[in-house]
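Taking it in order: structure first as structure tokens, then the write-up.
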Amino acid sequence: MATSSTVGIDDFSTYLPQLYLPIERLAEKRNIPYSKLKDGLGLEQMALADAREDTATMAANAVLDLMHKNDLDPCTVGRIYLGTESALDGAKPTATYVLDMLTDHFADAYGPNCFLHCDVVDLTFACIGGVDALQNCLEWAAAKDNRVGIVVTSDSAKYEMGSTGEYTQGAGAVAMLVRQSPRLLAIDADFGVATRPAHDFFKPKRKVSKREILQEVINLLPDLSAEDYQLDELEEKLTNGLTTNGILDCNEKFLTLHKDTPVFDGPYSNEAYQARIREALIDYRRRHGLQAGTLQTDYAALAFHLPYAYQARRMFSEIFMEELKATRQWESFIDQNDLNVPCADDYNDREQYLTKCSEFLRAVTKTEDYRRFVDSHLAPGDWASSRVGNLYSASVFLSLMAILEAGYHSDEELAGKDLLVFAYGSGSKAKVFGATVQEGWREVVAGFDLQLRLNNRQEIDYDTYEQLHRCSLRDNVTEHEQGTFFLADVHDRRDGTEGVRHYGYAANILA
């Protein structure tokens, strides 16, 4: 287990957008019973980035809060590593925009070069990129005394309207201070890992021909055909043109399109999640010489990546079963709960057998023993997710913050206790690592204000949500919060400045 002499997380800060949509409003519009989403998935509210917020502003706001809370000199920060799958550019790291905002903010006090020697980079592996960034910075901080690094995770989880992922959407950022002898969490040096390539969730570069685009536009016009518009001639001009000032004249027959919304297979992703975290747990135990059967006794709580709040509750039943088997409690458990374990020999059809296994594991989650396990080890880490939705790379760290703040408000003594963290990223990879709560944890957690932040947001209606989703609003729904960064403009001229982003800061008065 980790000790106070190891590296770890000294403090957390979070930035949550000021806007949220009650899941009940979305359920009404989609004709979904609200009880199915609330009681089945744990969904209550969806955090939404405003029109002038993006991955960079949320990350910068989380880092700014972290630096102010800890009175950090920018010149001493050696790294700001960003975990995200919502990058703003295909080449220029979003972390450079974060650094730009922070440099402008601190320049008067520390000079324009205050972050000149700070290393920044984006790390992307779906929802686990932030954990990769953390592991990297932990090793860097451990290599030399007095190194100070910041890991920040920032994402907007966006799905197509009407899709099965829509009600899990969310947005926000979590930043963490990484250094030796941390006040909050000492992190194990050796992470368990499991990686297996999968197409459970991804955001491909879509290849679309110019002819398809022209045809689709022409089809929208009444009583006209492609022949009326001489489609072949139009396509030939677009392909062979030498100028590149327009959208279609790129000298290629095809355009590459990127969408923020993913291609995904929900059931397959759940299977990958379940398999990878189990495999990563096995690897973690192997690396540390640990045996199965100790999750409930050795760890005060478990933190998870949560695509929806109750994901861990629904996905952990197989590991729970293996824990009971390891402690020789399995037979008595199935007898007490009158459960019939499926046997493969009883089924000629493998699919039917797998269906019965799934039904059996669901039955396990309905037992009193499992519910007690949920209350003691899983629920402390999923309450915040119910009120914000999926934060992608930031989700697992929000779960950690939720555990610590729940312990703080319940006067639980967590000092010296171990937490176990289960991270997952589609594609697919899982990592498992341990964290030991330090003696000074309570003073640090007092500054989280997670519940306070959640309670001080603005509710929006469905129509406003749809406008935000369609990106049809130019200005914020709410005023810029004092002391925060915001997106000022994005250059749209078809020249060498196309796509350049500029940011502002709402200082003493609301902008």
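The sequence shown lines up with residues 159 to 669 when you count with my numbering.
Here a beta-carbon is modelled for each residue, glycine too, at the ideal position from N, C-alpha and C.
Since this is a predicted model, take the numbers as computed values, not measurements.
Taking its Cβ as the centre, do 16 or more other Cβ atoms sit within 10 Å of residue i, making it buried, or is it exposed?
i, result
"residue 535", "buried"
"residue 654", "exposed"
"residue 610", "exposed"
"residue 660", "exposed"
"residue 670", "Absent from the structure is residue 670, since the part of the chain shown begins at 159 and ends at 669."
"residue 272", "buried"
"residue 613", "exposed"
"residue 513", "exposed"
"residue 414", "exposed"
"residue 509", "exposed"
"residue 293", "buried"
"residue 160", "The pLDDT assigned to residue 160 is 46, lower than 50, so where the model puts this residue is not dependable, and the model offers no usable value."
"residue 568", "exposed"
"residue 375", "exposed"
"residue 629", "exposed"
"residue 425", "exposed"
"residue 417", "exposed"
"residue 601", "exposed"
Please report the straight-line C-alpha distance between residue i and residue j, rounded to a whole angstrom.
i, j, result
"residue 516", "residue 428", "12 angstroms"
"residue 436", "residue 448", "14 angstroms"
"residue 207", "residue 488", "46 angstroms"
"residue 640", "residue 634", "14 angstroms"
"residue 245", "residue 446", "35 angstroms"
"residue 668", "residue 625", "Unreliable placement is indicated for residue 668, whose pLDDT of 43 sits below 50; no coordinate value is reported for it."
"residue 432", "residue 570", "30 angstroms"
"residue 502", "residue 520", "18 angstroms"
"residue 646", "residue 210", "7 angstroms"
"residue 481", "residue 189", "39 angstroms"
"residue 554", "residue 652", "40 angstroms"
"residue 499", "residue 518", "7 angstroms"
"residue 486", "residue 589", "27 angstroms"
"residue 219", "residue 378", "43 angstroms"
"residue 162", "residue 451", "Confidence is the limiting factor: at residue 162 the pLDDT is only 43, short of 50, which leaves the residue's position unreliable and the question unanswerable from this model."
"residue 364", "residue 283", "19 angstroms"
"residue 314", "residue 175", "10 angstroms"
"residue 546", "residue 422", "21 angstroms"
"residue 351", "residue 430", "14 angstroms"
"residue 317", "residue 327", "7 angstroms"
"residue 354", "residue 394", "44 angstroms"
"residue 410", "residue 357", "28 angstroms"
"residue 478", "residue 583", "22 angstroms"
"residue 441", "residue 627", "40 angstroms"
"residue 636", "residue 177", "8 angstroms"
"residue 649", "residue 656", "5 angstroms"
"residue 490", "residue 484", "13 angstroms"
"residue 349", "residue 631", "43 angstroms"
"residue 285", "residue 550", "5 angstroms"
"residue 438", "residue 341", "27 angstroms"
"residue 492", "residue 197", "25 angstroms"
"residue 186", "residue 540", "24 angstroms"
"residue 330", "residue 475", "29 angstroms"
"residue 419", "residue 324", "10 angstroms"
"residue 444", "residue 260", "42 angstroms"
"residue 434", "residue 388", "53 angstroms"
Under 9 angstroms between C-beta atoms, does residue i make it to chain B?
i, result
"residue 279", "Chain labels in this structure do not include chain B; a single protein chain is all it has."
State the beta-bridge partners of residue i as determined by DSSP.
i, result
"residue 204", "179"
"residue 611", "Beta-bridge pairing links residue 611 to no other residue."
"residue 171", "333"
"residue 566", "According to DSSP, residue 566 bridges with nothing at all."
"residue 582", "588"
"residue 166", "337, 344"
"residue 136", "One cannot answer for residue 136 here, as it falls past the ends of the chain, which runs 159 to 669."
"residue 422", "359"
"residue 493", "According to DSSP, residue 493 bridges with nothing at all."
"residue 412", "367"
"residue 576", "594"
"residue 210", "BP columns for residue 210 are empty, so no partner."
"residue 659", "648"
So does the region 514-528 actually touch the region 286-300, counting three or more Cβ pairs closer than 8 angstroms? Under the Cβ criterion (8 angstroms, minimum of three pairs), the region 514-528 does not count as touching the region 286-300.
Which whole runs of the beta strand (DSSP E) in the region 429-482 are 3 residues long or more, in chain order? If you keep only unbroken beta strand (DSSP E) runs of at least 3 residues inside the region 429-482, you get 459-462.
Runs of 4 residues minimum, wholly inside the region 236-289: which ones carry the alpha helix (DSSP H) assignment? As far as the region 236-289 is concerned, its whole alpha helix (DSSP H) runs of at least 4 residues are 252-268.
Taking only runs that begin and end inside the region 589-647, name each unbroken beta strand (DSSP E) of 3 or more residues, in chain order. DSSP runs (the beta strand (DSSP E)) wholly in the region 589-647: none.
Taking only runs that begin and end inside the region 304-374, name each unbroken beta strand (DSSP E) of 3 or more residues, in chain order. List check, beta strand (DSSP E) in window: 306-315, 328-338, 343-345, 350-353, 364-367.
Check whether the region 580-598 and the region 319-338 are in contact - that is, three or more C-beta pairs closer than 8 angstroms. Contact fails: fewer than three Cβ-Cβ distances are below 8 angstroms.
Is the number of C-beta pairs between the region 221-230 and the region 530-544 that are closer than 8 angstroms three or more? Too few Cβ pairs lie closer than 8 angstroms, so no.
Examine the Cβ distances between the region 258-271 and the region 555-567 and report whether three or more of them are shorter than 8 angstroms. Because the criterion of three Cβ pairs below 8 angstroms is not met, the region 258-271 and the region 555-567 do not touch.
Per the contact definition of three or more C-beta pairs closer than 8 angstroms, is the region 253-266 in contact with the region 231-243? Result yes; three or more Cβ-Cβ pairs closer than 8 angstroms.
Cβ pair count under 8 angstroms reaching 3, the region 570-579 against the region 459-467: Touching, yes.
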